[in-house]
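*Asks:* Pasting in a structure now, in structure tokens, and then I'll have a few things to ask.
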Amino acid sequence: MYTVGVGSQIQNDVQLAKVNVKRSVMEDDIAEMSALIYAKQANGKKVTLQLLEEDRVIQSREVTLSNKYTRVSMSFKPTRKGYLKYTAVVLPLAGELITSNNEKSFLVNNEQRLARILYIEELHPSEFKFLRRALDTDKSLQLVSMVRTGPEKFYRQGISNPRELAGGFPDQARDLFKYQAIMIGSIEASFFSPKQIQLIKDFVSKRGGGLLMLGGPKSFSQGGWDKTDLAEVLPVELLSEGNAGNASEEIRYAPFKLQLTPEGLRSPILQLALNPKENQQKWASMPELQSYNPLGRARPGATILAVHPLSQSGREKIIIAEQKYGRGRSMVIATSTTWRWQMRLPSTDMRHERFCRPVGRWLAFSSPEPVEVTLNKETYLPGEKIPIQISVLDSNFLPVENAVINAELTLPGSDIVRMKEKASDGDPPAANVQTIDILPDLKKEGRYKGTYLPDKEGVFEIEILAHDAKGNYLGRAETAFLVQKENIEYAKPDLEAPLLKRIAEVTDGHYVHIDRAQDLADQLSVAKSSYAKVVERDIWDVPALYGLIILLLAIEWYTRRSKGLS
């Protein structure tokens, strides 16, 4: 193979190699962007990183470049609701030849969403009171609580109507699955029927909800939960007679400082500050907790986030752990004394709230809705085929066949692409809304699919409305994607001469630069085959050869007869 090099080694180049940002943020929240800048032969130089919302610069920061890669973080607050386009730009260095690789665009959904969490326990005033106070400061979370105050008596808070939970803890899927997460405080397992315990298990594994079990005198093994099927949903084994533990072991009452594991310090659930060092310092200065429930080992695949300080390697005294289970996730917090963080800190210190709110969001916000629309990526090229996949479930989270799906695509036409409400039968369709044909996916029940080919750049937004065959409303879903050209060839603009030379070498060819391309014709030669094949064939019974032998014998016989030879 003969290779030709084009271009040269670039001596002065800066690239925005990668941008990471959370796709969705709740209204009034702060979003964080992490940018990775690649610089060649620019160590110590200063560049300016800008962040644009639509076409307006909202942040600018001077960055001192390191050797090769420099990571920079920016925090920003979306100014409007809905999907917004952001662009991170590294301003060019003086004399920089290629600037097309200096920017990247992405979408952020500044959504207004409410997740409902069902909380149940026996009266335990301190932990419940301060947990509710913390979650009430988050507009995106609603705590619906059932606190048992006596035999067959419950105090309900956060209910949407007088009928909600009037009959006690739900025993039907459609009633329980309308919540996004469940928190179980200090209440014995025997309070729940086997059907309700199975329903909680299905809530996590099938509905995809979040489950948290908190510590307390009637939690975990102390409440008999080790004898239920729900034990396997938790990220830790519960102590029992069968796993070298003691199910009746009492709660340990002794002050201790919570110790985060390396995984806990990195977990987004336990971030008290954006700076890692500051986060570690804030946790180290937290007040002591007063008690904890002894637990068993972490299950395979679980993540231990925090332990008792007297833990030993391989025999951790787990306090906080989490795991994925089925479609959902589960967590344990093996103490009921986090309220001490609020009581023993100044009233202006918000660390207890900054602990509770991310836990609630982690539990609830990943829970799927009955109707969902998904794409295989976030950014596409003009003219690229975009597969749209829709999942439709009923209130029991069972697949719905023959659903009536209406998908509307809002085209880019303004800085902010706003969702259009579905027009009534008598209303003419909006000029900037297209209807996409959606067909059932024959490979899976409850799944539907469609395609779209964008012919322009910009932000596109999809709205899905689903009804069953009888016209009953099932749900709504939305998403957005970005269509833009990508300058992939500028990702690595340098001449890769060593690679081209190596390719030529292993194929017995030659490498030349484009400046000497005229010499290429003189170097061309027929390649010697490096492959040979030996084939053995018997020729004695080949028909053509047999005929030739007969012919020669006939000629010899005729010659002898004509000459009178014997």
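First residue of the sequence shown? That's 70 in my numbering, and the numbers climb one at a time after it.
For each residue, glycine too, the CB sits at the ideal point set by N, CA and C.
Considering only the beta carbon of each residue, do residue 459 and residue 539 sit closer than 8 Å?
*Replies:* No.
*Asks:* Helix, strand or coil: how does DSSP classify residue 323 here?
*Replies:* Residue 323 falls in the strand class under three-state DSSP.
*Asks:* For residue 649, which three-state DSSP category applies?
*Replies:* There is simply no residue 649 to check, as the chain begins at 70 and stops at 635 in what is shown.
*Asks:* Curious, which full-length beta strand (DSSP E) runs of at least 3 residues does the segment 421–482 contain?
*Replies:* Here the runs fully enclosed are 440–443, 455–461, 473–479.
*Asks:* If I measure Cβ to Cβ from residue 352 and keep anything under 6 Å in the same chain, skipping five residues before and after, which residues do I get?
*Replies:* So the list reads 329, once near-sequence residues are dropped.
*Asks:* Excluding the five sequence neighbours on either side, which residues of its own chain have a C-beta within less than 8 Å of the C-beta of residue 86, listed in chain order?
*Replies:* Once the five neighbours on either side are set aside, the close Cβ partners of residue 86 are 105, 106, 107, 138.
*Asks:* State yes or no: is the C-beta of residue 288 within less than 8 Å of the C-beta of residue 322?
*Replies:* It is not a contact, given that the beta carbons lie outside the stated cut-off.
*Asks:* How big is the Cα-Cα spacing for residue 81 and residue 357?
*Replies:* The alpha-carbon atoms of residue 81 and residue 357 are separated by roughly 54 Å.
*Asks:* Is it buried or exposed, residue 319, if we count other Cβ atoms within 10 angstroms and call 16 or more buried?
*Replies:* By the neighbour-count rule (16 or more Cβ atoms within 10 Å), residue 319 is not buried but exposed.
*Asks:* Taking the C-alpha atoms as reference points, what is the distance between residue 533 and residue 158?
*Replies:* Going by the C-alpha atoms only, they are around 34 Å apart.
*Asks:* Assuming residue 123 contacts residue 154 under a Cβ cut-off of 8 Å, what Cβ separation, rounded to an integer in Å, is found between them?
*Replies:* That belief holds up - the Cβ atoms of residue 123 and residue 154 are roughly 6 Å apart, short of 8 Å.
*Asks:* I'd like the list of long-range same chain contacts for residue 198, defined as Cβ closer than 6 Å, with 5 residues on each side in sequence excluded.
*Replies:* Contacts found: none.
*Asks:* Considering only residues of the segment 102–169, which uninterrupted beta strand (DSSP E) runs meet the minimum length of 3 residues and lie entirely inside it, listed in chain order?
*Replies:* You should have 115–122, 125–133, 137–145, 151–159.
*Asks:* My output table needs one value for residue 577: the three-state DSSP class, helix, strand or coil.
*Replies:* Three-state DSSP puts residue 577 in coil, outside helix and strand.
*Asks:* Count the other CB atoms within 10 Å of the CB of residue 164; is the residue buried (16 or more) or exposed (fewer)?
*Replies:* Exposed is the call here.
*Asks:* Quick check: the Cα distance between residue 445 and residue 545, rounded to an integer number of angstroms?
*Replies:* Approximately 19 Å between the Cα atoms of the pair.
*Asks:* In the structure shown, what three-state DSSP assignment does residue 182 receive?
*Replies:* Residue state, collapsed to three classes: coil.
*Asks:* Taking DSSP's pairing of strands, which residues face residue 387 in a bridge?
*Replies:* Partner(s): 376.
*Asks:* In its own chain, which residues sit with a C-beta less than 7 Å from the C-beta of residue 291, not counting the 5 before and 5 after it?
*Replies:* So the list reads 320, 362, once near-sequence residues are dropped.
*Asks:* Spatial neighbours of residue 391 within its chain, please: C-beta separation below 6 Å, excluding the five flanking residues on both sides.
*Replies:* Closer than 6 Å at Cβ, skipping near neighbours: 304, 372, 400.
*Asks:* How many angstroms separate the CA atom of residue 523 from the CA atom of residue 455?
*Replies:* Going from the Cα of residue 523 to the Cα of residue 455 covers about 8 Å.
*Asks:* Quick one: using the 10 Å Cβ neighbour count with 16 as the cut-off for buried, is residue 249 buried or exposed?
*Replies:* Buried.
*Asks:* Are three or more beta carbon pairs between the segment 167–180 and the segment 395–413 nearer than 8 Å?
*Replies:* The segment 167–180, when compared against the segment 395–413, does not touch it at the 8 Å Cβ threshold.
*Asks:* Look up residue 398 in the DSSP assignment and give the residues it is bridged to.
*Replies:* Looking at the DSSP assignment, residue 398 forms a beta bridge with 279, 393.
*Asks:* Tell me where the beta strand (DSSP E) around residue 630 begins and ends.
*Replies:* It is not in any beta strand (DSSP E) - residue 630 instead sits in the alpha helix (DSSP H) that spans 612–632.
*Asks:* How is residue 531 classed by DSSP in three states: helix, strand or coil?
*Replies:* Residue 531: strand per DSSP, three-state reduction.
*Asks:* State the beta-bridge partners of residue 175 as determined by DSSP.
*Replies:* DSSP, once it has assigned bridges, lists 155 as partnering residue 175.
*Asks:* Is residue 153 close to chain D, meaning its C-beta is less than 8 Å from at least one C-beta of that chain?
*Replies:* Included in the structure is just one protein chain, with no chain D present.
*Asks:* Count the other C-beta atoms from every protein chain shown that fall within 10 angstroms of the C-beta of residue 152, then say buried if there are 16 or more, exposed otherwise.
*Replies:* Answer is buried; the Cβ neighbour count reaches 16.
*Asks:* In terms of alpha-carbon separation, which member of 268, 435, 571, 471 lies closest to residue 541?
*Replies:* Checking every option, the nearest Cα to that of residue 541 belongs to 471.
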